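Reading through the structure tokens given below for one structure.
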Amino acid sequence: MISNIKGYDVTALIESEPYRKFLENFESDLLRGIGKISILKVIKNYGKKGVYGYQLLKDLKVLTNNMLMIKEGTLYPLLRNLEKWEFKGRSLSLIQSYKRVEHDRPRKYYFLTEEGAKILSHLEGFFSKLLEAISSLNDFQIILNKEKYIFCQNCKNKVDSSDSDINFCDICGFNLKKMHLED
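This note's numbering numbers the first residue of the sequence shown as 3 and each following residue consecutively.
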């Protein structure tokens, strides 16, 4: 991330305050959404047993090759927001938590709710399709696993194709069987 980059020459572009500030703001905006998806994904990987905050940070660092490093001061407010996201008097709980003492240390463990799993699936699908779409603008290629997943044509929700009982998208209600007939 740009905030960790050192300038080795005072005339280098990275030393220009407007340049550095623009990149810092851009990276921050981009990583805000990606960070939430990544946090939800790591939490999902732990299932109902959950994961505590410090382990979550370590996993993110390793799984993203040190590209996504979230500070503790940022993580815990984000986790609280995911536990109870409010809009116009209504709330969503993407994750839940419980306290457990392990090795004489009380820890708060986070796990994904059913609602959170559905939202994560949608976010993953949307993000995957977005990356696939913009890859033609850049010099990289995205190959989606279309044998393992179906991407809803309407909302881009990612649906596990091995579940033959799923006829409609959980997110928007689109008829997924109809989508196969049109292929």
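Glycine included, C-beta positions come from ideal geometry on N, C-alpha and C.
Small disclaimer: the values here were computed from a predicted structure and weren't measured.
Start-to-end residues for the alpha helix (DSSP H) that takes in residue i
i: Glu208; result: Since the first residue shown for the chain is 3 and the last is 185, residue 208 is missing from the structure and cannot be characterised.
i: Lys38; result: 19-47
i: Leu59; result: 55-65
Spatially closest choice to residue i from the options, by CA coordinates
i: Asn67; options: Asn47, Ser40, Leu81; result: Ser40
i: Phe129; options: Leu25, Tyr54, Tyr112, Cys157; result: Cys157
i: Arg109; options: Ile145, Glu17, Lys51, Phe153; result: Lys51
i: Leu81; options: Glu88, Tyr112, Arg107; result: Tyr112
i: Arg34; options: Pro79, Gly55, Val12; result: Pro79
i: Arg102; options: Val53, Glu17, Leu32; result: Val53
Contacting residues, own chain, Cβ-Cβ under 8 Å from residue i (five flanking each side not counted)
i: Leu122; result: Ile39, Leu42, Lys43, Lys46, Leu96, Leu114
i: Glu134; result: Ile144, Leu146
i: Lys63; result: Leu70, Met71
i: Met181; result: Ile152, Cys154, Gln155
For residue i, the first and last residue of its enclosing beta strand (DSSP E)
i: Val12; result: No beta strand (DSSP E) contains Val12, which DSSP labels as neither H nor E.
i: Asp162; result: 160-162
Beta-carbon separation (whole angstroms), residue i vs residue j, contact threshold 8 Å
i: Ile173; j: Lys131; result: Going by Cβ atoms, the distance from Ile173 to Lys131 rounds to 13 Å, so no, they are not a contact pair.
Requested in this report: Taking only runs that begin and end inside the region 69-127, name each unbroken alpha helix (DSSP H) of 4 or more residues, in chain order.
Outcome: Counting only unbroken stretches of 4 or more residues, the alpha helix (DSSP H) elements lying wholly within the region 69-127 are 74-85, in sequence order.
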